[in-house]
Amino acid sequence: MRALRYFLLLAGLTALSVWSVDSRAEEPGDDADSGFKEIELFTEVLETIRQGYVDSDKVTYEKLINSALEGMLADLDPHCQFMQPKVFEQLKRHTDSTYEGIGVTISTKNDVLTIVTAREDGPAARAGILPGDQILKINKQLTEDLGIAQAVNMLKGKPGEPILLTIRRPATQKLHEFEMKREIIKQSSVKDARILDPQLTAPYRMGYARILQFSEPTAVELADALDKLEQEGMDAFVLDMRNNPGGLLNSAIDVCGEFVKAGTVVLTTEGKPGSGEIKIYRTNAEAKRRDRDYPLAILVNHSSASGAEVVSGALQDLKRCIVVGETTFGKGSVQSIIPIGEGKAIRMTTAKYYTPSHRTIHENGVIPNIVAPLTPAQEQALAKWFGKDTLPPEERKKLENFSDPQLTRAVDAMKGALVYSSIRKGEAPSPVASAAEEKKTMEPGAEPAATEPEEKKATEKPAAKPESKPEAKPASETKTESKPDAEDKPAPAAAPSTPDTSPE
C-alpha cells in the first residue's frame, strides 16, 4: 500500500511540475508546495477508501479515479465533463444529420436539468413538453444528481423504446408526466421561408425564415431562401432564431457573412488571461453570393443560445440588424475536447466568445434593441404554432387566429426602418388619411373642408385714386416636414443563468 501511495504521489508531482514549466498562462492563486500537499492528501484518501470500504467491487482503482475525474470536471462549470468511451463516441457522432432520441436540447439552469429547446417535429414536443420545463425524473429516476452526459445517455435510446419524463413547469410550478417513444430525429436547419402576410406588412413585402440550429448546410440553405425571397420582391427580412440552441460555429459565421461585407470581424474567442490564445473570426468571401443591404430584424428569446447569440450579437454590434424579443440564454464559451487515452476524453472550457464591440456573451446573453416578452400562455401557443404540421386537424383549427406578438414588433421595426430609409432618399410616402377623414369625404353631399394657408394674403395697399382697384398678391406656398417617431427604447432585462446545451 505504501509503495503504491508513493508511486501515485510521484506521478502527481511529476505532472504538476511539467504543467508548471509549460504553462505560460496566469497561474492559480496557490503555489506548487500547496499542490504537492493536496496530491498527497488525495492519495491518502484513495488508499483509505480502498482498504476500509465494505464493498470491494465498488472501490477498484478504475472506479475511484473515474469518479474523482467526473467530480473534478463537473465542479468547474456545467459545460465541463469527464467522458467515458461510450459518451465520447456519441459526441463524435453528434454532427451527423440524424440521431436517436426524443428531440430535445438540455442544460442545467439554476442547478436543475432544463429543456432548452424541444424540436416541434420531435416526440417531446408532440407530447406537450415546452422549452424551460425542468426534468425532475427520467423513467422514475431522480435527476438531481445526474450530470448532463448521464442525462443525455438516459434520454437517448433505440427507436420505438418508451420513456417517461416527470417535469415541473416553472410558470405554474405544476408537475406533469409525459410518456413518449424515442425516434430517429432528423436535424433540419432552415424552415418556413416565405413572404409574410401582406395584411401584416403592407405597404411592404417582408421575408421571413427560421433557423432551427446551425449545421453544415445552414448558410447555403439560408442563401437559397434569400435568393428566392429577393426574386419575389422582398423589401426587408425577419430572421427567426427563437429556440435555436446553436450548433456549428463556422456555420454561424457564414450566416453572418450573408449580411455584412466579406472579411468583417464578427467574433473573437479569448482563452485564459496571459495565455495569448486569441482567435479572430471573419466572414468568408467565398461563402458570400451577393450584397444584401435591406433592413434586417432578428428574433430571439430565452432559449436562443451559442451560435444564435453569435449571429445576433455580431450583427447588432455592427449596426446591421434590430434584435427583437427577449434576452438570450447566455451560453458563450468554447469547450475543447481532449482525448486522454483508452477511448476516454475530457471536455473543458478553454475560451469565451466576444462580440465585435468586445461584449462577452457568456452568462450575460444578448439584450434585444426592442424587448418584447411573452406570457407563459403565449409561449405555449407559439410552441404549438411552430409544430402545427404535426398536430391533428382539430388542433390545427384552433390555431387559425394565432398571432405572434414578437413577430409583429419585428415587422413594425422594419416598417420604421423602411420609412426612415425612404426619407433619407427623399422618397417618403404620402401621409395616410385617418379612417374618420376617409369616411367624411365619402359621405354624400359632404363638402370638402376649407383650408387656410399658413401665411395670410398680403394686405391691400391704399388707393392713390378713387377709381383705382386694389391688387391682390398671391399666397405663398407652404411646405410640410414629416418627423420620425420617437425611438422604441428597450427595457432593462436580467442576465440569464449559465447553460450548456446538449441535444438528445
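All letters in the sequence shown, in the order written, are residues 18 to 521 by the working numbering.
Every residue, glycine too, gets a C-beta built ideally from N, C-alpha and C.
Because the structure is a prediction, the values reported are computed rather than measured.
DSSP, reduced to helix, strand and coil, places residue 405 within a helical segment of the structure shown.
Annotation for residue 371: the continuous beta strand (DSSP E) segment containing it runs 361-371. In the structure shown, the three-state DSSP call for residue 329 is helix. Secondary structure note for residue 257: its beta strand (DSSP E) is the uninterrupted segment 253-257.
Within the region 265-319, the complete alpha helix (DSSP H) segments at least 4 residues long are 266-274, listed from N- to C-terminus. Per DSSP, the beta-bridge partners of residue 179 are 198. For residue 86, the enclosing alpha helix (DSSP H) covers residues 78-91.
Segment contact: the region 381-389 against the region 300-313, fewer than three CB-CB distances shorter than 8 Å; contact not assigned.
Under the three-state reduction of DSSP output, residue 350 falls in the strand class.
Per the coordinates, the alpha-carbon of residue 81 lies some 35 Å from the alpha-carbon of residue 265. In this structure the region 199-218 does not touch the region 161-170; the number of beta carbon pairs closer than 8 Å is below three. Secondary structure of residue 231 (DSSP, three-state): strand. In the same chain as residue 276, and ignoring 5 residues on each side of it, the C-beta atoms closer than 8 Å to its own belong to 309, 313, 332, 337 and 338, in chain order.
Residue state for residue 94 is assigned as coil, using DSSP reduced to three classes. Between residue 185 and residue 153, the C-beta spacing is below 7 Å. Put simply, of 335, 427, 118 and 429 the residue whose alpha carbon is nearest the alpha carbon of residue 178 is 118. Within the same chain, 255, 314, 316 and 341 come within 7 Å of residue 427 by CB-CB distance, once the 5 residues on both sides are set aside. Distance from the CA of residue 72 to the CA of residue 162, rounded to the nearest whole angstrom, comes to 22 Å. Residue 122 and residue 248 have their C-alpha atoms some 35 Å from each other.
Taking one beta carbon from each stretch, the region 207-218 and the region 141-158 have fewer than 3 pairs nearer than 8 Å; the two do not touch. With a cutoff of 7 Å on beta-carbon distance, residue 328 and residue 269 are scored as near each other. Inter-residue distance for residue 67 and residue 76 is about 6 Å (C-alpha atoms, whole angstroms). In this structure residue 89 is exposed. Its beta-carbon is surrounded by fewer than 16 other beta-carbon atoms within 10 angstroms. Setting aside the 5 residues that flank it on each side, residue 423 is surrounded in the same chain by 316, 341, 342, 389 and 391, each with a C-beta closer than 7 Å to its C-beta; the list follows chain order. Distances from the alpha-carbon of residue 387 to those of 413, 430 and 135 put 430 closest. Selection 223, 267 and 96 evaluated against residue 299 yields 267 as nearest (Cα-Cα). Of the residues 354, 303, 288 and 62, the one whose Cα lies closest to the Cα of residue 271 is 303.
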